[in-house]
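**Student:**
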Amino acid sequence: MSILALDLDGTLLNSEKHISERNRLALQKAADLGHFIVPATGRALNAMPREVLEQPFVRYVISINGACVSDQQTEEILYRCEIPLDAALGVLDFAKRYDCMRDVYWNHTGWTNRAYFENLRYYNSDEEVVRLIQVTRKPIEDIEAFLKEKQAPVQKVQLCFRNMDEREAAWKEIEEAFPEIVVTSSFRNNLELNARGADKGLALLFLADHLGVDRKDTFAFGDSTNDLAMLRAAGTGVVMGNAADPIKENADAVTDTNENDGVAKFIEEHIL
366 MSILALDLDG
376 TLLNSEKHIS
386 ERNRLALQKA
396 ADLGHFIVPA
406 TGRALNAMPR
416 EVLEQPFVRY
426 VISINGACVS
436 DQQTEEILYR
446 CEIPLDAALG
456 VLDFAKRYDC
466 MRDVYWNHTG
476 WTNRAYFENL
486 RYYNSDEEVV
496 RLIQVTRKPI
506 EDIEAFLKEK
516 QAPVQKVQLC
526 FRNMDEREAA
536 WKEIEEAFPE
546 IVVTSSFRNN
556 LELNARGADK
566 GLALLFLADH
576 LGVDRKDTFA
586 FGDSTNDLAM
596 LRAAGTGVVM
606 GNAADPIKEN
616 ADAVTDTNEN
626 DGVAKFIEEH
636 IL
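So the sequence shown is numbered by my numbering: it starts at 366 and just counts up by one.
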């Protein structure tokens with residue numbers, strides 16, 4: 366009995382944001398053998414594709430880069446690690462010095478200012494990213510005012526940049542100014558800010574302990590920096606062929622790309 370923890374975008378999902386039939390069949394066969402199939406994503410729970418959540422083998426989900434672990438059968442939140450409200454407001458204010466889009470994940474949903482939402486292509490030149498944000502964010506007038514009204518912690522802050530040099534500078538400056546925040550990335554021009562202690566690796570280890578699975582019997586599949594903690598924590602870290610070389614340096618194994626059924630190919634050869 367093992368846990369197979371799978372990043373979604375760039376890993377399990379193809380460029381059309383679907384699970385290929387070969388990947389689905391491989392996961393179903395692994396589940397039939399008693400393995401736990403666990404999506405592990407930077408997305409909020411409410412932004413996950415129904416195609417993923419409705420698979421019969423999906424019960425446990427790691428979402429928001431490990432800020433939340435949930436049981437879809439009982440609708441219970443098993444684990445949470447969120448950014449305190451004051452810290453979230455502080456980093457949002459700090460981010461105003463950059464030419465970037467700012468959004469937050471609160472209550473398992475992504476929220477952003479309407480002004481950003483109506484100018485997505487100004488901040489994001491990749492059409493795939495634009496489409497993803499369009500279906501995973503709710504526009505509001507003012508995210509700071511929204512959070513102050515809710516008076517609750519924030520699950521994640523995300524920034525999207527026009528200028529990649531500015532993104533690199535922001536990464537370093539935010540890490541120095543907010544030691545309680547962990548900075549990662551899941552696509553070319555974004556930064557994802559989570560509470561320290563919220564990462565996919567810690568969430569995977571929590572779930573393994575919860576399910577009574579030995580750490581050596583955990584597998585993690587990923588392609589981006591927000592997968593690194595999970596790849597390092599797992600008994601076997603599997604990196605996709607489409608990942609950048611620095612990510613592959615952290616792999617126990619490298620499989621094919623997300624477009625070429627890399628997840629299924631590894632499962633067929635090493636697990637089934």
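No residue lacks a Cβ here, since even glycine has one placed at the ideal position from N, Cα and C.
What is the DSSP secondary structure of residue 392, counted as helix, strand or coil?
**Tutor:** Residue 392 falls in the helix class under three-state DSSP.
**Student:** Which value, in whole angstroms, describes the spacing of the CA atoms of residue 418 and residue 463?
**Tutor:** Distance between the alpha carbons of residue 418 and residue 463 is about 36 angstroms.
**Student:** Are any of the Cβ atoms in chain D nearer than 8 angstroms to that of residue 494?
**Tutor:** Going by chain labels, chain D is absent from the structure shown, which holds only one protein chain.
**Student:** Cβ of residue 504 within 8 angstroms of Cβ of residue 486?
**Tutor:** In this structure, residue 486 does not lie closer than 8 angstroms to residue 504 by Cβ.
**Student:** Tell me, please, whether the region 554-570 touches the region 601-613 by the rule of three or more beta-carbon pairs shorter than 8 angstroms.
**Tutor:** No, because fewer than three Cβ pairs between the region 554-570 and the region 601-613 fall closer than 8 angstroms, the two stretches do not touch.
**Student:** Just curious, the beta strand (DSSP E) that residue 603 is in, first and last residue?
**Tutor:** 601-604 is the span of the beta strand (DSSP E), which, as asked, contains residue 603.
**Student:** Using CA atoms only, rank isn't needed, just tell me which of 544, 395 and 374 is closest to residue 560.
**Tutor:** Among 544, 395 and 374, the Cα nearest to that of residue 560 belongs to 544.
**Student:** So within the region 491-543, which uninterrupted beta strand (DSSP E) runs reach at least 3 residues, ignoring any that extend past its ends?
**Tutor:** For the region 491-543, whole beta strand (DSSP E) runs of length 3 or above, ordered along the chain, are 502-505 and 521-526.
**Student:** Note the first and the last residue of the continuous alpha helix (DSSP H) segment covering residue 404.
**Tutor:** Premise fails: residue 404 lies in the beta strand (DSSP E), 401-404, not in any alpha helix (DSSP H).
**Student:** Tell me the DSSP secondary structure of residue 417 in three-state form.
**Tutor:** Three-state DSSP puts residue 417 in a helix.
**Student:** Give the straight-line distance between the Cα atoms of residue 456 and residue 390, rounded to the nearest whole angstrom.
**Tutor:** If I take the Cα positions, the gap works out to 43 angstroms.
**Student:** For residue 443, which residues from the same chain have a beta carbon less than 7 angstroms from its beta carbon, with the 5 sequence-adjacent residues on both sides left out?
**Tutor:** If we look at residue 443 and ignore the five residues flanking it on each side, its Cβ neighbours are 434, 435, 436 and 575.
**Student:** Taking the alpha carbon of residue 383 as the point to measure from, which residue in 509, 626, 607 and 632 has its own alpha carbon closest?
**Tutor:** When only C-alpha atoms are compared, the closest one is 626.
**Student:** Out of curiosity, what's the CA-to-CA distance linking residue 511 and residue 440?
**Tutor:** So the two alpha carbons sit approximately 26 angstroms from each other.
**Student:** Count the C-beta pairs between the region 404-422 and the region 615-622 that are closer than 8 angstroms, then say yes if the count reaches three, no if not.
**Tutor:** Taking 8 angstroms as the limit for Cβ pairs, the verdict is that the region 615-622 does not touch the region 404-422.
**Student:** Below 8 angstroms, can you find three or more Cβ-Cβ pairs linking the region 446-461 to the region 492-499?
**Tutor:** Verdict: no, contact absent.
**Student:** Excluding the five sequence neighbours on either side, which residues of its own chain have a C-beta within less than 7 angstroms of the C-beta of residue 410, listed in chain order?
**Tutor:** Cβ neighbours of residue 410 beyond the five flanking positions: 426, 428, 433, 435 and 473.
**Student:** In three-state DSSP terms, what is residue 485?
**Tutor:** In the structure shown, residue 485 sits in a helix (DSSP, three-state: H, G or I).
**Student:** In the DSSP output, which residue or residues are listed as bridge partners for residue 465?
**Tutor:** BP columns for residue 465 point to 526.
**Student:** Does DSSP put residue 329 in a helix, in a strand, or in coil?
**Tutor:** Nothing about residue 329 can be read from this structure; the chain reaches only from 366 to 637.
**Student:** By the DSSP assignment, the alpha helix (DSSP H) with residue 398 in it spans what residues?
**Tutor:** From DSSP, residue 398 is part of no alpha helix (DSSP H); its letter is neither H nor E.
**Student:** For a test of the three-state rule: what should DSSP assign to residue 549, helix, strand or coil?
**Tutor:** The answer is strand: DSSP assigns residue 549 an E or B state.
**Student:** Provide the residue span of the alpha helix (DSSP H) that contains residue 617, from first to last.
**Tutor:** Taken as a continuous stretch (DSSP letters only), residue 617 belongs to no alpha helix (DSSP H), as it is neither H nor E.
**Student:** Taking all protein chains shown into account, do 16 or more other C-beta atoms lie within 10 angstroms of the C-beta of residue 640, making it buried, or fewer, making it exposed?
**Tutor:** A question about residue 640 goes unanswered here, because the residues of the chain that appear run from 366 up to 637.
**Student:** Going by DSSP, what residues sit across from residue 374 in a beta bridge?
**Tutor:** DSSP, once it has assigned bridges, lists 378 as partnering residue 374.
**Student:** Report yes if the C-beta distance between residue 517 and residue 476 is below 8 angstroms; otherwise report no.
**Tutor:** Contact flag unset, no.
**Student:** Shorter than 7 angstroms, the distance from the beta carbon of residue 418 to the closest heavy atom of the ligand ATP, or not?
**Tutor:** As far as ligands go, the structure on display features none, and thus does not contain the ligand ATP.
**Student:** Could you check if residue 580 is buried or exposed, using at least 16 other CB atoms within 10 Å of its CB as the buried criterion?
**Tutor:** Classification of residue 580: exposed, given that the 10 Å Cβ count is below 16.
**Student:** Count the other CB atoms within 10 Å of the CB of residue 637; is the residue buried (16 or more) or exposed (fewer)?
**Tutor:** Residue 637 should be labelled exposed.
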